[in-house]
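Here is the structure we will look at, set down as structure tokens.
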Amino acid sequence: MALEIVVDNELFTESFWIELRKRTEVGRLDVVGRQMCFGWCEDVIGILNAEHKSHDFELMKAPGSEKVTVHKITSHYWFERLTRKGAFVADGTAGQIDPSLPNGYYGFIYEAPRVLQDIYYLGSPYKYQ
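Here you go:
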């Protein structure tokens, strides 16, 4: 996977992902997406593949563990893309883990709330990014 030289295009903005989220079932239902993370990812990959063919986002999964099940979920899915600044996360259902993020989390792992970092590090190959 090629590393991005510049990370300021629309795929790396919160506003892009919030608008994209509105086009998914989670967005249409206006819910945080409890137990809907995989469905959100399926909706998103369809849109990305149709409209941004070279997006290079990868599906990630945090398997069940104490850090996951404490949030009353069995696993968690989101997208990541490695850049020169680190791993960028797009997680439209992060609100089920951190209620302060009802529209999801879109940013770098190292900037995510600690509770989300703990989940992302379980499934990310970019643990130290």
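Numbering (this note's numbering), first residue to last: 20 to 148.
Built from N, CA and C at the ideal position, the CB exists for glycine as well.
Computed from a predicted model, the values in this text were never measured in an experiment.
Item: Three CB pairs or more closer than 8 Å across the stretch 34–45 and the stretch 127–136; Value: no
Item: Residue 131 (DSSP reduced to helix, strand or coil); Value: coil
Item: Counted within 10 angstroms of its Cβ, other Cβ atoms place residue 69 as buried (16 or more) or exposed; Value: exposed
Item: Straight-line Cα distance separating residue 106 from residue 118; Value: 22 Å
Item: Residues that residue 78 bridges to, as DSSP identifies them; Value: 98
Item: CB of residue 44 within 8 Å of CB of residue 62, strictly; Value: yes
Item: Buried or exposed by the 16-neighbour rule on C-beta atoms within 10 Å, applied to residue 54; Value: exposed
Item: Enclosing beta strand (DSSP E) for residue 108 [first to last residue]; Value: 105–110
Item: Residue 117 CB to nearest heavy atom of the ligand HEM below 7 Å; Value: The model on display carries no ligand, and the ligand HEM is accordingly not part of it.
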